[in-house]
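Take a look at the structure below.
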Amino acid sequence: MIGRIKKVIFKLFQNQLFPGSKDYWEKRYSKKGNSGPGSYNRLATFKAEVLNDFLAKNNIQSVMEFGCGDGNQLTLAKYPSYLGIDVSTTAISLCKELFTEDSTKEFFTYTDTEFRSKKVDLTLSLDVIYHLIEDAVFNAHMSDLFNHSSAYVIIYSSNFDKKQTFHERDRKFSNWIDQHQPEWKLVETVKNKFPFDPTDPDNTSKADFFIYKKS
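Counting in UniProt numbering, the sequence shown runs from 1 upward without gaps.
Following this line, the structure appears as C-alpha coordinates:
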(Lines of atoms letter the chains of each structure in order from A and count residues from 1; the text may use other names and numbers.)
(Lines give C-alpha, C1' and ligand atoms only; values in the text may rest on other atoms or scores of the structure.)
Protein backbone atom coordinates (compact mmCIF):
# COMPACT_ATOMS: atom_id res chain seq x y z
CA MET A 1 0.00 0.00 0.00
CA ILE A 2 2.79 2.42 0.95
CA GLY A 3 4.70 1.54 -2.21
CA ARG A 4 1.65 2.31 -4.34
CA ILE A 5 1.18 5.69 -2.65
CA LYS A 6 4.85 6.51 -3.27
CA LYS A 7 4.43 5.73 -6.97
CA VAL A 8 1.39 8.00 -7.21
CA ILE A 9 3.21 10.84 -5.45
CA PHE A 10 6.25 10.39 -7.71
CA LYS A 11 4.09 10.55 -10.85
CA LEU A 12 2.37 13.69 -9.61
CA PHE A 13 5.76 15.25 -8.88
CA GLN A 14 7.02 14.32 -12.35
CA ASN A 15 3.96 15.83 -14.00
CA GLN A 16 4.41 19.09 -12.08
CA LEU A 17 8.01 19.29 -13.34
CA PHE A 18 6.95 18.81 -16.98
CA PRO A 19 8.01 22.01 -18.82
CA GLY A 20 5.38 21.79 -21.58
CA SER A 21 5.39 19.92 -24.88
CA LYS A 22 7.38 22.48 -26.88
CA ASP A 23 10.05 23.06 -24.24
CA TYR A 24 10.38 19.36 -23.49
CA TRP A 25 11.22 18.46 -27.08
CA GLU A 26 13.47 21.44 -27.66
CA LYS A 27 15.50 20.55 -24.56
CA ARG A 28 15.58 16.89 -25.56
CA TYR A 29 16.94 17.55 -29.04
CA SER A 30 19.34 20.27 -27.91
CA LYS A 31 20.86 17.79 -25.44
CA LYS A 32 21.52 15.30 -28.28
CA GLY A 33 18.39 13.28 -27.60
CA ASN A 34 16.47 11.73 -30.49
CA SER A 35 12.87 11.20 -31.55
CA GLY A 36 12.60 8.01 -29.53
CA PRO A 37 12.60 4.26 -30.23
CA GLY A 38 9.49 4.49 -32.41
CA SER A 39 11.57 6.23 -35.09
CA TYR A 40 14.39 3.68 -35.07
CA ASN A 41 15.03 0.01 -35.82
CA ARG A 42 12.15 -2.38 -36.48
CA LEU A 43 9.38 0.04 -35.49
CA ALA A 44 10.68 2.60 -37.98
CA THR A 45 10.89 -0.09 -40.66
CA PHE A 46 7.31 -1.19 -39.99
CA LYS A 47 6.02 2.38 -40.24
CA ALA A 48 7.93 2.99 -43.46
CA GLU A 49 6.57 -0.18 -45.05
CA VAL A 50 2.97 0.81 -44.32
CA LEU A 51 3.41 4.42 -45.46
CA ASN A 52 5.42 3.71 -48.62
CA ASP A 53 2.90 1.07 -49.65
CA PHE A 54 0.01 3.49 -49.08
CA LEU A 55 1.63 6.24 -51.14
CA ALA A 56 2.30 3.89 -54.04
CA LYS A 57 -1.23 2.44 -54.07
CA ASN A 58 -2.97 5.82 -53.81
CA ASN A 59 -0.72 7.88 -56.10
CA ILE A 60 0.16 10.34 -53.33
CA GLN A 61 2.37 13.13 -54.69
CA SER A 62 2.66 15.51 -51.73
CA VAL A 63 3.05 14.92 -47.99
CA MET A 64 3.12 17.21 -44.95
CA GLU A 65 4.14 15.82 -41.56
CA PHE A 66 3.36 17.55 -38.28
CA GLY A 67 6.06 16.47 -35.86
CA CYS A 68 8.90 15.41 -38.16
CA GLY A 69 11.36 15.06 -35.28
CA ASP A 70 15.02 14.37 -35.96
CA GLY A 71 14.38 13.01 -39.47
CA ASN A 72 15.52 9.43 -38.88
CA GLN A 73 12.11 7.99 -39.78
CA LEU A 74 12.14 10.09 -42.94
CA THR A 75 15.32 8.40 -44.20
CA LEU A 76 13.18 5.31 -44.90
CA ALA A 77 10.40 7.19 -46.70
CA LYS A 78 9.64 7.34 -50.41
CA TYR A 79 7.77 10.64 -50.67
CA PRO A 80 7.74 12.53 -54.01
CA SER A 81 7.35 15.89 -52.22
CA TYR A 82 7.57 16.47 -48.48
CA LEU A 83 7.08 19.27 -45.94
CA GLY A 84 8.21 18.59 -42.38
CA ILE A 85 6.94 20.69 -39.47
CA ASP A 86 8.14 20.60 -35.86
CA VAL A 87 7.95 22.75 -32.73
CA SER A 88 11.66 22.26 -32.07
CA THR A 89 14.07 24.56 -33.89
CA THR A 90 16.86 22.10 -33.11
CA ALA A 91 14.94 19.25 -34.76
CA ILE A 92 14.37 21.35 -37.87
CA SER A 93 18.08 22.20 -38.02
CA LEU A 94 18.92 18.50 -37.77
CA CYS A 95 16.54 17.67 -40.62
CA LYS A 96 17.84 20.44 -42.85
CA GLU A 97 21.39 19.20 -42.32
CA LEU A 98 20.44 15.56 -42.89
CA PHE A 99 18.61 16.27 -46.14
CA THR A 100 20.63 19.24 -47.36
CA GLU A 101 21.10 17.68 -50.83
CA ASP A 102 17.45 16.63 -51.21
CA SER A 103 15.40 19.26 -53.05
CA THR A 104 12.15 17.29 -52.61
CA LYS A 105 12.05 18.06 -48.89
CA GLU A 106 11.40 21.29 -46.98
CA PHE A 107 11.34 21.90 -43.23
CA PHE A 108 9.65 24.57 -41.12
CA THR A 109 9.18 25.32 -37.46
CA TYR A 110 5.60 25.47 -36.25
CA THR A 111 5.80 29.26 -35.96
CA ASP A 112 6.87 29.74 -39.59
CA THR A 113 4.20 31.10 -41.92
CA GLU A 114 5.45 29.76 -45.27
CA PHE A 115 3.60 26.46 -45.02
CA ARG A 116 0.32 27.87 -43.72
CA SER A 117 -1.23 28.40 -47.16
CA LYS A 118 -0.21 24.98 -48.49
CA LYS A 119 -2.38 21.91 -48.98
CA VAL A 120 -1.13 18.42 -49.75
CA ASP A 121 -2.52 15.02 -50.71
CA LEU A 122 -1.62 13.50 -47.35
CA THR A 123 -0.84 14.80 -43.87
CA LEU A 124 0.89 12.70 -41.23
CA SER A 125 1.01 12.52 -37.44
CA LEU A 126 3.38 9.75 -36.36
CA ASP A 127 3.96 9.05 -32.66
CA VAL A 128 2.94 12.61 -31.85
CA ILE A 129 -0.57 12.81 -30.39
CA TYR A 130 0.18 11.01 -27.12
CA HIS A 131 3.01 13.48 -26.54
CA LEU A 132 0.68 16.49 -26.67
CA ILE A 133 -0.07 17.13 -23.02
CA GLU A 134 -1.86 20.47 -23.34
CA ASP A 135 -5.42 20.55 -24.72
CA ALA A 136 -4.75 23.69 -26.76
CA VAL A 137 -1.69 22.10 -28.38
CA PHE A 138 -3.63 18.92 -29.15
CA ASN A 139 -6.52 20.87 -30.69
CA ALA A 140 -4.17 22.93 -32.86
CA HIS A 141 -2.34 19.81 -34.03
CA MET A 142 -5.56 18.05 -35.01
CA SER A 143 -6.90 21.12 -36.81
CA ASP A 144 -3.69 21.47 -38.80
CA LEU A 145 -3.74 17.84 -39.85
CA PHE A 146 -7.16 18.13 -41.45
CA ASN A 147 -6.96 21.72 -42.67
CA HIS A 148 -3.78 21.11 -44.67
CA SER A 149 -4.89 17.93 -46.43
CA SER A 150 -7.04 17.68 -49.54
CA ALA A 151 -7.49 13.91 -49.50
CA TYR A 152 -5.95 11.77 -46.73
CA VAL A 153 -4.80 11.98 -43.12
CA ILE A 154 -2.78 9.19 -41.50
CA ILE A 155 -2.39 9.09 -37.74
CA TYR A 156 -0.08 6.64 -36.00
CA SER A 157 -0.93 6.73 -32.31
CA SER A 158 -2.73 5.15 -29.42
CA ASN A 159 -6.47 5.86 -29.44
CA PHE A 160 -7.64 5.69 -25.84
CA ASP A 161 -7.76 8.08 -22.90
CA LYS A 162 -5.19 7.84 -20.14
CA LYS A 163 -3.95 10.35 -17.59
CA GLN A 164 -0.66 12.18 -18.08
CA THR A 165 2.58 10.43 -17.20
CA PHE A 166 5.30 13.10 -17.50
CA HIS A 167 5.66 13.68 -21.30
CA GLU A 168 2.87 11.33 -22.40
CA ARG A 169 -0.90 11.59 -22.34
CA ASP A 170 -2.94 9.12 -24.36
CA ARG A 171 -6.04 10.50 -26.04
CA LYS A 172 -8.99 8.97 -27.85
CA PHE A 173 -8.41 11.32 -30.77
CA SER A 174 -11.13 9.69 -32.90
CA ASN A 175 -13.72 11.44 -30.71
CA TRP A 176 -12.22 14.80 -31.73
CA ILE A 177 -12.46 13.86 -35.41
CA ASP A 178 -16.07 12.72 -35.10
CA GLN A 179 -16.96 16.02 -33.44
CA HIS A 180 -14.89 18.51 -35.44
CA GLN A 181 -14.24 16.86 -38.83
CA PRO A 182 -17.30 14.69 -39.60
CA GLU A 183 -16.66 14.84 -43.36
CA TRP A 184 -13.53 12.76 -42.84
CA LYS A 185 -14.09 9.00 -42.58
CA LEU A 186 -11.89 6.26 -41.17
CA VAL A 187 -11.25 3.96 -44.13
CA GLU A 188 -8.58 1.66 -42.73
CA THR A 189 -6.84 0.66 -39.52
CA VAL A 190 -3.48 -1.11 -39.59
CA LYS A 191 -2.62 -2.84 -36.34
CA ASN A 192 0.93 -2.65 -35.10
CA LYS A 193 3.18 -5.49 -36.15
CA PHE A 194 4.85 -5.19 -32.75
CA PRO A 195 2.10 -4.44 -30.17
CA PHE A 196 3.20 -2.97 -26.89
CA ASP A 197 4.98 -5.26 -24.46
CA PRO A 198 5.98 -3.64 -21.13
CA THR A 199 8.99 -5.97 -20.93
CA ASP A 200 10.31 -4.65 -24.27
CA PRO A 201 9.12 -1.02 -24.58
CA ASP A 202 11.84 0.08 -27.02
CA ASN A 203 10.89 -2.49 -29.67
CA THR A 204 7.11 -2.50 -29.28
CA SER A 205 4.44 0.20 -29.50
CA LYS A 206 0.94 1.13 -28.35
CA ALA A 207 0.37 2.94 -31.65
CA ASP A 208 -1.61 1.71 -34.65
CA PHE A 209 -2.26 3.32 -38.04
CA PHE A 210 -5.57 5.13 -38.59
CA ILE A 211 -6.20 6.23 -42.17
CA TYR A 212 -8.82 8.91 -42.87
CA LYS A 213 -10.21 10.02 -46.21
CA LYS A 214 -12.20 13.13 -47.03
CA SER A 215 -15.69 12.24 -48.23
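Beta carbons: idealized from backbone N, C-alpha and C, even for Gly.
Look up G84 in the DSSP assignment and give the residues it is bridged to.
E65 and F107
So, is H180 buried or exposed, given that buried needs 16 or more other C-beta atoms within 10 angstroms?
exposed
With a CB to CB cut of under 6 angstroms and the five nearest residues on each side skipped, what residues in its chain are close to F209?
V50, Y156 and V190
So F194 packs on L43, CB below 8 angstroms; how close in whole Å?
6 angstroms
Does the segment 102-121 touch the segment 55-62, meaning 3 or more C-beta pairs lie closer than 8 angstroms?
yes
Examine the Cβ distances between the segment 68-76 and the segment 137-156 and report whether three or more of them are shorter than 8 angstroms.
no
In chain order, what residues of the same chain have a beta carbon less than 6 angstroms from the beta carbon of F99, not counting five sequence neighbours either side?
K105
So if DSSP puts L122 in a beta bridge, which residue, or which two residues, is it bridged to?
V63 and Y152
Look up P182 in the DSSP assignment and say whether it is helix, strand or coil.
coil
What is the DSSP secondary structure of Y212, counted as helix, strand or coil?
strand
Using alpha carbons as the reference points, say which of G84, Y130 and S21 lies closest to S103.
G84
Let me make sure I understand the geometry here. Which of F160, W176 and T204 has the alpha-carbon closest to that of P37?
T204
What separation, rounded to the nearest whole angstrom, lies between the Cα atoms of I211 and K47?
13 angstroms
Considering only the beta carbon of each residue, do E168 and T89 sit closer than 9 angstroms?
no
Limits of the unbroken alpha helix (DSSP H) element including D112
D112 -> no alpha helix (DSSP H), and no H or E assigned at all.
Quick check on this structure: which residue in F18, Y24 and D127 has the alpha carbon closest to the alpha carbon of C68?
D127
DSSP bridge partner residues for T189 (one or two, in chain order)
F210
Got a sec, what are the start and stop residues for the alpha helix (DSSP H) L74 sits in?
Neither: L74 is in no alpha helix (DSSP H) and is coded neither H nor E.
Same chain, Cβ closer than 8 angstroms to E134, neighbours up to 5 away in sequence not counted
G20 and S21
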